[in-house]
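Chemist: Residues in the sequence shown are numbered consecutively from 1, following UniProt numbering. Even for Gly, the Cβ is constructed at its ideal location relative to N, Cα and C.
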Amino acid sequence: MTKPLSLPLFCAPSPDRDDALAVQIYRDLLAAIRAGRLDRGARLPSSRAAAAELGVARSTVNTAYDLLRAEGAVEIRRGAAPVVAAGPTARAECPSGIALRLSSRGTALAVNPRIGAAGGAHSLMSPGEPSEDLFPADEWGRTLRRVARRRHGSWSAYADPHGLSELRRILAERLAADRGLSVDPGWIVITTGTQGSLSLAAQLLTEPGDVAAMEDPGYLGARAAFLAAGLRLAPLPVDGDGARSDAMPEAARAIYLTPSNQYPMGVRLSRTRRMAILAHAQRTGAAILEDDYDSEFLWRGREIAALAAEAPEGPVVFMGSASKVLIPALRLGWMVVPGALVDPVRAAQRTLGTVANLHAQAALAETMRTGRYRAQLGRIARVYEARGRALAEALSELPGVSVRPPDGGVQVAVQLERPEDEDAALSALAARGFGPGRLSAYALEGGPPGLIVGFADATSERTEQFVNILRDVLRGSARQMPPA
C-alpha cells in the first residue's frame, strides 16, 4: 500500500487568505491535481491525519474532500483514504492582444463598498460574521447525507426557483409564530441569501436613475445592490430611534430598512417612525425592503413584530436568511412578496441563475422540522449575548470611546473621538489578526470615526486582547496630542 501524501507540500491554508479554510484546501489540491503534481491513484491522508498536518478542524478537511469529490477529482470510499481520481487538465492557449473592457453596467456591478470596509474574510471579530466554532458541522453533514439518500427523480431536474414547498411551509409557520407575519407559503420565495434578495428586488422594482433611500450609516451590501441597479442613493440619518422618517425623500422608489436591529448601529426603529414610513410608502408607491437583520438575536423585546406584519397587503418585501444561525456559506435566504410578484421573482431567478441549491434547502427544512434549528439558535444566542455584553462593558471603560450597549445582534458600534484613531486602530488590530469594520465607511455622508466590532467569536481571551490593543492605540494617540 502506498504511503499517503503529505498535504503541506501542496496546500497552506491560512486565515489571512480571503477564502474559507476548507475552500483554500480544496482549491490548492484541485490546482495540484490539474497541474499533474498529484498523480491519479495517489492516496490522500485521512481527514484526521490531514487536520493534524494542516492545523485545522477535521470538519474543515471533510468539507474540502467533499468538494473535491463533487468535482470528480477524488474518490472516497467508506473506511478508506481518499484517492486522486482525476488527471492533469490540458491548458488552453489564449489569444494575446485582446482587451476586454467592462461596460457601464459591469462597472457598477464591480463596485462593492463592502470590499475594504472590514479587515477581510476570516479575520477575528469581523462584523456580521457568526462563530464558525459554534456551527454544528458534523450534524449538518449528517443531515445533508440523509436528505441526499431520500432524493427522488425531480432532484435531477432544475430546481423550482420558487423553492422547496416543505421549506416554504415551515418558514410560513415560523414567521407567523416569531415575527407576527401571517403569509401564504406561496408568497415565500427561497433565494441565495439576503444579498440575492436585495439584488432581485432592486432590479425588479426600480428603474436606473431612481432614488433608493437607505439608513445612514447602513448595510454596505444594500448599497452595492442599489448601485449595481443604477440607483441614486439618499441617506436616512440614524439616531436612537432608528432611521429618521422626516428625512425621507419624496422621490424615493425604494426604502431599505433594518428595523428590528439596525445595521450597524444596533438600534430599533420606533413605532412612530414605522407608521410614518409605511404611510409614506403607501402614499407614494415606494417599495419598502425590510431586511430582518439579526432579529433572532434580540436580547430584549423579542415580541417586536416585523414591519411587514403592520401592513400585510402593503408595499413591503420582507427578507431573511439562515446565515447567522448556521453559516453564510449555505447561501440560503427567503423573500416574502405580495402575491402578484411571486411569478416575476421566480422568472427573474431562473433568468439570472440565482436559484438556491435544492439539496441545501431540503437539509434546512429537515433541520427546522426536527427542532434542531431552534435548538441551535437558542444555544448560540446565549453565547452571543454573553460575549456582546462583556465586549461592550470592556470597551466602555476605555477613554475616548463611545459605545452604545447592544440590544442584540452580533456586532457593536464603537465611536472614536479622532479620525486618526480609526486608521491607527484598524492597522494595529489587523496586524494581530483582527478585522473590525471601519465605521466611517458605512456612512453615505461623512460618518463618525470608529469601529464595527463583531462579537460572535469574541471569546474572553480575544476580547481582552482586542481591548488591550485598542487601549494602547488610544494612549499613543493621546500622548501625541499637542497641549491645550
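Identify every residue that forms a DSSP beta bridge with Pro235.
Modeler: Locating residue 235 in the sequence shown gives position 235, where the first residue counts as 1. Bridge partners of Pro235: Met214.
Chemist: For the 8 Å Cβ check, are there 3 or more pairs between the region 310-320 and the region 390-399?
Modeler: Fewer than three Cβ pairs drawn from the region 310-320 and the region 390-399 lie within less than 8 Å of each other, which leaves the two stretches out of contact.
Chemist: Quick one: Cα of Arg372 to Cα of Glu420, how far?
Modeler: Taking the first residue of the sequence shown as position 1, residue 372 is located at position 372. Taking the first residue of the sequence shown as position 1, residue 420 is located at position 420. Looking at the two C-alpha atoms, the distance is approximately 46 Å.
Chemist: Spell out a yes or no on whether the region 342-361 and the region 184-195 are touching, meaning 3 or more CB-CB pairs, one atom from each, closer than 8 Å.
Modeler: yes
Chemist: If you check the beta carbons only, do Val336 and Leu181 fall under 8 Å apart?
Modeler: Here the question's residue 336 lines up with position 336 in the sequence shown. Here the question's residue 181 lines up with position 181 in the sequence shown. For Val336 and Leu181, yes; Cβs fall inside 8 Å.
Chemist: Pick helix, strand or coil for Tyr384, following the three-state DSSP scheme.
Modeler: As a working note, residue 384 is residue 384 in the sequence shown. Here Tyr384 sits in helix by DSSP.
Chemist: Quick one, are the C-beta atoms of Gly186 and Val410 less than 8 Å apart?
Modeler: Within the sequence shown, numbered from 1, the residue matching residue 186 stands at position 186. Within the sequence shown, numbered from 1, the residue matching residue 410 stands at position 410. No, the Cβ-Cβ distance between Gly186 and Val410 is not below 8 Å.
Chemist: To the nearest angstrom, how far is the alpha carbon of Ser47 from that of Ala348?
Modeler: Locating residue 47 in the sequence shown gives position 47, counting from the first residue. Locating residue 348 in the sequence shown gives position 348, counting from the first residue. For the pair Ser47 and Ala348, the Cα-to-Cα distance works out to about 41 Å.
Chemist: Looking only at DSSP bridge pairs, what is Asp291 linked to?
Modeler: By 1-based counting over the sequence shown, the position of residue 291 is 291. According to DSSP, residue pairing for Asp291 in a beta bridge involves Met319.
Chemist: Around the Cβ of Leu463, are there at least 16 other Cβ atoms within 10 angstroms (buried) or fewer (exposed)?
Modeler: Numbered from its first residue, the sequence shown carries residue 463 at position 463. According to the sequence shown, residue 463 is Thr rather than Leu. Thr463 sits buried, since 16 or more C-beta atoms from the chains shown fall within 10 Å of its C-beta.
Chemist: Looking at the structure shown, is Ile327 part of a helix, part of a strand, or coil, going by DSSP?
Modeler: Start at 1 with the first residue of the sequence shown, and residue 327 comes out as number 327. Three-state DSSP puts Ile327 in coil, outside helix and strand.
Chemist: Just mark Arg40 as buried or exposed, buried being the case when its beta carbon has 16 or more other beta carbons within 10 Å.
Modeler: Translated into the one-based positions of the sequence shown, residue 40 becomes position 40. Exposed.
Chemist: Is it buried or exposed for Glu207, if we count other Cβ within 10 angstroms and need 16 for buried?
Modeler: Taking the sequence shown and counting its residues from 1, the one referred to as residue 207 is at position 207. The residue in question, Glu207, is exposed, as its Cβ has fewer than 16 Cβ neighbours within 10 Å.
Chemist: Taking the alpha-carbon of Thr60 as reference, which of Ile25, Pro45, Ala70, Glu71 has the nearest alpha-carbon?
Modeler: Counting from one through the sequence shown, the residue named residue 60 turns up at place 60. It is Ile25 whose Cα lies nearest to the Cα of Thr60.
Chemist: Which of the three DSSP states is assigned to Met125 in this structure?
Modeler: Sequence index remark: in the sequence shown, residue 125 carries index 125 (1-based). Three-state result, Met125: coil.
Chemist: From the DSSP output, read off the bridge partner residues of Thr191.
Modeler: Stepping through the sequence shown from its first residue, residue 191 is reached at position 191. Its beta-bridge partners are Gly333.
Chemist: Could you pull out every residue in the same chain whose Cβ sits closer than 7 Å to the Cβ of Asp16, ignoring the five residues on either side in sequence?
Modeler: To locate residue 16, count along the sequence shown from 1; it is residue 16. So the list is empty, once near-sequence residues are dropped.
Chemist: Suppose the cutoff is 7 Å on Cβ atoms and the five residues either side in sequence are ignored; what does the same chain contact list for Ala137 look like?
Modeler: One-based indexing of the sequence shown puts residue 137 at position 137. Excluding residues within five positions, the ones whose Cβ falls inside 7 Å are Ser59.
Chemist: Does the distance from the CB of Ala363 to the CB of Leu164 come in under 8 Å?
Modeler: Numbered from 1 along the sequence shown, position 363 holds the residue referred to as residue 363. Numbered from 1 along the sequence shown, position 164 holds the residue referred to as residue 164. For Ala363 and Leu164, no; Cβs fall outside 8 Å.
Chemist: Under 6 Å Cβ to Cβ from Ala428, same chain only, skipping five residues before and after it: list those, please.
Modeler: Taking the first residue of the sequence shown as position 1, residue 428 is located at position 428. Excluding residues within five positions, the ones whose Cβ falls inside 6 Å are Ile469, Val473.
Chemist: What are the uninterrupted segments assigned as alpha helix (DSSP H) that are 4 or more residues long and contained completely in the region 3-57, given in chain order?
Modeler: 21-34, 47-54
Chemist: Give me whichever residues DSSP pairs with Ile277 in a beta bridge.
Modeler: As a working mapping, residue 277 is identified with position 277 in the sequence shown. Under DSSP, Ile277 takes part in no beta bridge, so it has no partner.
Chemist: With a 10 Å radius around its C-beta and 16 neighbouring C-beta atoms as the bar for buried, classify Ala224 as buried or exposed.
Modeler: Here residue 224 refers to the residue found at position 224 of the sequence shown. Answer is buried; the Cβ neighbour count reaches 16.
Chemist: What does the alpha-carbon distance come out to for the pair Leu269 and Val211?
Modeler: On the sequence shown, position 269 is the one that residue 269 refers to. On the sequence shown, position 211 is the one that residue 211 refers to. Those two C-alpha atoms are separated by around 21 Å.
Chemist: In whole angstroms, give me the CA-to-CA distance for Ser323 and Gln262.
Modeler: In the sequence shown, the residue the question calls residue 323 occupies position 323. In the sequence shown, the residue the question calls residue 262 occupies position 262. One C-alpha to the other measures close to 17 Å.
Chemist: Does the Cβ of Gly437 have 16 or more other Cβ atoms within 10 Å, making it buried, or fewer, making it exposed?
Modeler: Counting from 1 along the sequence shown, the entry for residue 437 is found at position 437. Counting of Cβ neighbours within 10 angstroms places Gly437 among the buried residues, the total reaching 16 or more.
Chemist: Where DSSP assigns a beta bridge to Ala413, which residues make up the other side?
Modeler: By 1-based counting over the sequence shown, the position of residue 413 is 413. Partner(s): Ile452.
Chemist: So, is residue 554 buried or exposed, given that buried needs 16 or more other C-beta atoms within 10 angstroms?
Modeler: Nothing can be reported for residue 554, as the shown portion of the chain is limited to 1 through 484.
Chemist: Three-state secondary structure (DSSP) at Arg253?
Modeler: Working through the sequence shown from its first residue, we reach residue 253 at position 253. If DSSP states are grouped into helix, strand and coil, Arg253 belongs with the strands.
Chemist: Check whether the Cβ atoms of Pro264 and Ile452 sit closer than 8 Å, and answer yes or no.
Modeler: Position 264 of the sequence shown, counted from the first residue, corresponds to residue 264. Position 452 of the sequence shown, counted from the first residue, corresponds to residue 452. Cβ distance < 8 Å, so Pro264 and Ile452 count as in contact.
Chemist: Report all residues from its chain with a CB closer than 7 Å to the CB of Thr258; omit the five preceding and five following residues, and keep chain order.
Modeler: Residue numbering aside, residue 258 sits at position 258 when the sequence shown is read from its first letter. If we look at Thr258 and ignore the five residues flanking it on each side, its Cβ neighbours are Glu215, Tyr219, Asp291, Tyr293.
Chemist: Mapping DSSP to helix, strand and coil, what is Val183?
Modeler: The residue labelled residue 183 in the question sits at position 183 within the sequence shown. Of the three classes helix, strand and coil, the one that applies to Val183 here is coil, per DSSP.
Chemist: Count the other C-beta atoms from every protein chain shown that fall within 10 angstroms of the C-beta of Ser131, then say buried if there are 16 or more, exposed otherwise.
Modeler: As a working note, residue 131 is residue 131 in the sequence shown. Ser131 should be labelled buried.
Chemist: My guess is that Val412 and Gly221 are in contact by the Cβ rule of under 8 Å, so how many angstroms apart are they, rounded?
Modeler: Position 412 of the sequence shown, counting from 1, holds the residue named residue 412. Position 221 of the sequence shown, counting from 1, holds the residue named residue 221. Not confirmed; about 19 Å, so no contact.
Chemist: Using a Cβ-Cβ cut-off of 8 Å (strictly less than) and excluding sequence neighbours within five positions of Arg244, which residues of its own chain qualify?
Modeler: Here the question's residue 244 lines up with position 244 in the sequence shown. Shown here for Arg244: same chain residues with a beta carbon closer than 8 Å to its own, the five before and five after excluded, namely Leu236, Pro237, Val238, Arg273 in chain order.
Chemist: Where does the unbroken alpha helix (DSSP H) through Ser427 begin, and where does it stop?
Modeler: On the sequence shown, residue 427 is found 427 positions in, with the first residue counted as 1. Ser427 -> alpha helix (DSSP H) spans 419-431.
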